[in-house]
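Number of protein chains: 2
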Amino acid sequence: MSKEKSPRKPTLFEVAARAGVSEITASRALRGSNMVTPETLQKVQQAAASLGYLRNRLAGALAGGPSNQVGVILPSLSNIVFPDVLKGLEDRLEHAGFHPVLGISNYDPQQEEQLIRNLLSWRPAGLVIAPSGMTDASRAMLSGADLPVVEIMDIDTDPVDMAVGMSHRGAGLAMARHLIARGYRRFAYVGHDITNDHRAAARLVGFKSGLTEAGLTLTGCVTLAEPSSVALGRRGLRMLLDSGDTLPDLVYFSNDDMAVGGVFHCMAAGIILPDQLAIAGFNGLEIGQSLPVALTTTASHRALIGETAAACILKRLAGEDTARMTDVGFSLVEGGTS
Amino acid sequence: MSKEKSPRKPTLFEVAARAGVSEITASRALRGSNMVTPETLQKVQQAAASLGYLRNRLAGALAGGPSNQVGVILPSLSNIVFPDVLKGLEDRLEHAGFHPVLGISNYDPQQEEQLIRNLLSWRPAGLVIAPSGMTDASRAMLSGADLPVVEIMDIDTDPVDMAVGMSHRGAGLAMARHLIARGYRRFAYVGHDITNDHRAAARLVGFKSGLTEAGLTLTGCVTLAEPSSVALGRRGLRMLLDSGDTLPDLVYFSNDDMAVGGVFHCMAAGIILPDQLAIAGFNGLEIGQSLPVALTTTASHRALIGETAAACILKRLAGEDTARMTDVGFSLVEGGTS
DNA sequence: TCACTGAATGACAGCGCTGTCAATCAGTGG
DNA sequence: CCACTGATTGACAGCGCTGTCATTCAGTGA
Numbered sequence: 139m140s141k142e143k144s145p146r147k148p149t150l151f152e153v154a155a156r157a158g159v160s161e162i163t164a165s166r167a168l169r170g171s172n173m174v175t176p177e178t179l180q181k182v183q184q185a186a187a188s189l190g191y192l193r194n195r196l197a198g199a200l201a202g203g204p205s206n207q208v209g210v211i212l213p214s215l216s217n218i219v220f221p222d223v224l225k226g227l228e229d230r231l232e233h234a235g236f237h238p239v240l241g242i243s244n245y246d247p248q249q250e251e252q253l254i255r256n257l258l259s260w261r262p263a264g265l266v267i268a269p270s271g272m273t274d275a276s277r278a279m280l281s282g283a284d285l286p287v288v289e290i291m292d293i294d295t296d297p298v299d300m301a302v303g304m305s306h307r308g309a310g311l312a313m314a315r316h317l318i319a320r321g322y323r324r325f326a327y328v329g330h331d332i333t334n335d336h337r338a339a340a341r342l343v344g345f346k347s348g349l350t351e352a353g354l355t356l357t358g359c360v361t362l363a364e365p366s367s368v369a370l371g372r373r374g375l376r377m378l379l380d381s382g383d384t385l386p387d388l389v390y391f392s393n394d395d396m397a398v399g400g401v402f403h404c405m406a407a408g409i410i411l412p413d414q415l416a417i418a419g420f421n422g423l424e425i426g427q428s429l430p431v432a433l434t435t436t437a438s439h440r441a442l443i444g445e446t447a448a449a450c451i452l453k454r455l456a457g458e459d460t461a462r463m464t465d466v467g468f469s470l471v472e473g474g475t476s
Numbered sequence: 139m140s141k142e143k144s145p146r147k148p149t150l151f152e153v154a155a156r157a158g159v160s161e162i163t164a165s166r167a168l169r170g171s172n173m174v175t176p177e178t179l180q181k182v183q184q185a186a187a188s189l190g191y192l193r194n195r196l197a198g199a200l201a202g203g204p205s206n207q208v209g210v211i212l213p214s215l216s217n218i219v220f221p222d223v224l225k226g227l228e229d230r231l232e233h234a235g236f237h238p239v240l241g242i243s244n245y246d247p248q249q250e251e252q253l254i255r256n257l258l259s260w261r262p263a264g265l266v267i268a269p270s271g272m273t274d275a276s277r278a279m280l281s282g283a284d285l286p287v288v289e290i291m292d293i294d295t296d297p298v299d300m301a302v303g304m305s306h307r308g309a310g311l312a313m314a315r316h317l318i319a320r321g322y323r324r325f326a327y328v329g330h331d332i333t334n335d336h337r338a339a340a341r342l343v344g345f346k347s348g349l350t351e352a353g354l355t356l357t358g359c360v361t362l363a364e365p366s367s368v369a370l371g372r373r374g375l376r377m378l379l380d381s382g383d384t385l386p387d388l389v390y391f392s393n394d395d396m397a398v399g400g401v402f403h404c405m406a407a408g409i410i411l412p413d414q415l416a417i418a419g420f421n422g423l424e425i426g427q428s429l430p431v432a433l434t435t436t437a438s439h440r441a442l443i444g445e446t447a448a449a450c451i452l453k454r455l456a457g458e459d460t461a462r463m464t465d466v467g468f469s470l471v472e473g474g475t476s
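Those protein sequence lines, which keep their order, are chains V and E.
Heads up, the first sequence is in the numbering used here, so the first residue is 139 and it goes up one at a time.
Heads up, the second sequence is in the numbering used here, so the first residue is 139 and it goes up one at a time.
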């Protein structure tokens, strides 16, 4: 860190001068335009290298050049789901030379609105958002911003522009039907904070409607107003079993973290899976499948959601047509816990 | 998405005109300068709101205003460690109105260099990087860029500017000493791809040097050239125990994911923990502590690393002095698996 | 009354780059 | 030899904002 008033970084002008061409030619050369002679190209590259030139994309983007930033708004990074989505997103974006600019809304519509405003003010090439109850102002900004916007996770509501995700209602429903077909009849539920996590809530709704189809209802239900975790699932199951309600054959957990906690409780309490109690989760996390007894669950294609969202943005930027809704689906994983 | 050639978004000029003030006054008002009359402020805000004005920070940053973007380069998002760090980082940055701009290096120095160049070209306010073998060019760019740079995770090497992390060598060493004091003597190791993950490698080095102090050596060692996972740990332990080497009292795993896999193997194989075999990991993940038998491990303060790194950037931007090296430490967690 | 002060506002000149359109020039066919 | 074509190159004018340095003007004490 030199202390001497940092000698301003070289600009395109310097590079151009050194290469003996005009600024615009240097610009084109460095951006890899094909209307520059190989010799010119080399001269410019050499000049740039020898000066330690570093492109200024602020200026470029302001002058009308493209941006390679994509705003990404997620509700949280604590829930493993979102890092997974982010990973898929990053992966695809990076291959195209783009960078995600991240904002975390903490499930708060106001914060979300603020983030949208902030990220949009950098004039990104696109925006990906896992919505947390967007305000009207949020929607207005997004539809007025004239850039590709992908709403991810859910496809249960109508998007401003595009949506990529799966039906959580459908996942809950499918699991209920599957388990009923397997012969289970007494179902209970253990869940985390479903006020914030409306996707978990949607799964529960779907699950219940599956039960209703078969003339059943939940025999027990514990929801704890905390973020999901293994410890919480463990605690939740203990509470459920201690509650004195009819003992269930199967407990549906709000997600795999919780379900793994349930499995641990059974192990510690000497409850034999799946004979004395069956367990099902949601997400298809690696941990669940590596348990001594693999977890029955629904695999959500988290990374795929990210990848697909990125692909939508990139396609749109390339001027191609894109689907308004993309359902990445889900898949039932029959483990040994049911 | 209006189809009509998107009527250019209103600029500060429009807002100023509407409010009956000059551009610069509007600018000051919207940025919350205190040298604007309350009445002027209100007029400008009203004008901005009624026009749906959206600040353009590209222009602002180019014109010399501050940036609120911080480049963040991580080697991966697959390893839970990095989402945790990112979470800490984001958290602190967001409170100050900053956004991380993310790049993933995939443990590749060339990609890392490319990312540095790319992110720097957006003239961010600072840069946080978990280095993966920085090239000379990378170092040169960072030291020439005249912005706060924090290298995170390790503090075992000399940073370009600042470093925040812990000593992985020290963590391995401390664990070895602890276990030896507890009476263990026959140690084996099960690890993942330590060519890429040089922090895991450093822990192993430290661990071994602890053994050496006591006149011991590893009785067995399995390393598998794959990313760490629960399944891999499970497989690794099975391989180790099947290898025919002297049976260890304790297996040190490269991290908690791996160690949890080891615990699962024991459960499935009927090996009693810790009597027949003890297990230790690294990271202090929630899952390890929620196992039927809590995992002995070293808690790394991942989110704290992120928070601290963010704090360093922010402090430096505020003109305050910052420590060149910050050791966030680690803590031994005595679980039931040893 | 008058210089003097400080608060509020404004004029101006870029920040560093790229889109647009014009200019240049070697090569081509008649 | 000349008009014509296509490949390169360049001049120019901003993109939308903010730092810097005036300017204005009400209020103040002598």
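Positions of the beta carbon are idealized from the N, C-alpha and C atoms, including for glycine.
What you are looking at is a predicted structure, and each value in this text was computed from that prediction instead of being measured.
- With a cutoff of 7 Å on beta-carbon distance, Gly-226 of chain E and Gly-426 of chain E are scored as not near each other.
- Per DSSP, the continuous alpha helix (DSSP H) segment holding Met-396 of chain E begins and ends at 394-407.
- DSSP places Val-298 of chain V in no beta strand (DSSP E); its state is neither H nor E.
- Taking the Cβ atoms as the reference, Val-368 of chain V lies roughly 5 Å from Asp-395 of chain V, within the contact range of under 8 Å.
- Distance from the Cα of Ile-290 of chain E is smallest, within the candidate group E:Gly-170, E:Thr-464, E:Val-153, for E:Thr-464.
- Lys-181 of chain V and Gly-170 of chain V have their C-alpha atoms roughly 13 Å apart.
- Annotation: Phe-391 of chain E has no Cβ neighbours in chain V at a cutoff of 7 Å; minimum Cβ distance is about 14 Å.
- Per DSSP, reduced to three states, the secondary structure at Pro-386 of chain E is coil, with no helix or strand assignment.
- The DSSP-derived three-state label of His-330 of chain E is coil.
- Sequence-distant Cβ neighbours of Leu-265 of chain E in its own chain, meaning closer than 6 Å and more than five residues away, are Gly-209, Val-287.
- Annotation: Thr-333 of chain E to Gly-310 of chain E spans about 17 Å, alpha carbon to alpha carbon.
- Using a CB distance below 7 Å, the part of the segment 210-229 of chain E facing chain V consists of Leu-215, Ser-216, Pro-221, Leu-224, Lys-225, Glu-228, ordered along the chain.
- Nearest in C-alpha terms to Ala-416 of chain E, of all of E:Val-431, E:Val-343, E:Val-219, is E:Val-431.
- Under the 10 Å beta carbon count, Gln-184 of chain V is surrounded by fewer than 16 other beta carbons and is classified as exposed.
- Membership of Ser-438 of chain E in the beta strand (DSSP E) is indicated by the continuous run 435-438.
- Judged by DSSP in its simplified three-state form, Gln-207 of chain V adopts strand.
- Residue state for Leu-470 of chain V is assigned as strand, using DSSP reduced to three classes.
- For Gln-207 of chain E, the residues of chain V that pass the 9 Å Cβ criterion are Gln-207, Val-239, Trp-260, in the order they occur in the chain.
- At a cut-off of 7 Å between beta carbons, Leu-200 of chain V contacts chain E.
- Taking the Cα positions, Ala-448 of chain E is about 8 Å away from Glu-228 of chain E.
- Exposure of Asp-380 of chain E is indicated by the presence of fewer than 16 other C-beta atoms within 10 angstroms of its C-beta.
- The DSSP-derived three-state label of Ala-416 of chain E is strand.
- When secondary structure is reduced to three states using DSSP, Thr-357 of chain E falls in the coil class, being assigned neither helix nor strand.
- Against chain E, the CB of Ile-425 of chain V has a partner CB under 7 Å away; the residue lies at that interface.
- Below the 7 Å Cβ cutoff, chain V contributes Ser-259, Arg-261 as neighbours of Asn-194 of chain E, in chain order.
- Cβ neighbours of Val-471 of chain V within its own chain (closer than 6 Å, five residues either side excluded): Gly-422, Thr-435, Ala-437.
- In this structure, Thr-163 of chain E and Val-174 of chain E form a Cβ contact; the two beta carbons are roughly 7 Å apart against a cut-off of 8 Å.
- In this structure Ala-441 of chain E touches Asp-222 of chain E by the C-beta definition: roughly 5 Å separates them, less than 8 Å.
- Bridge pairing for His-237 of chain E: E:Gln-207 [DSSP].
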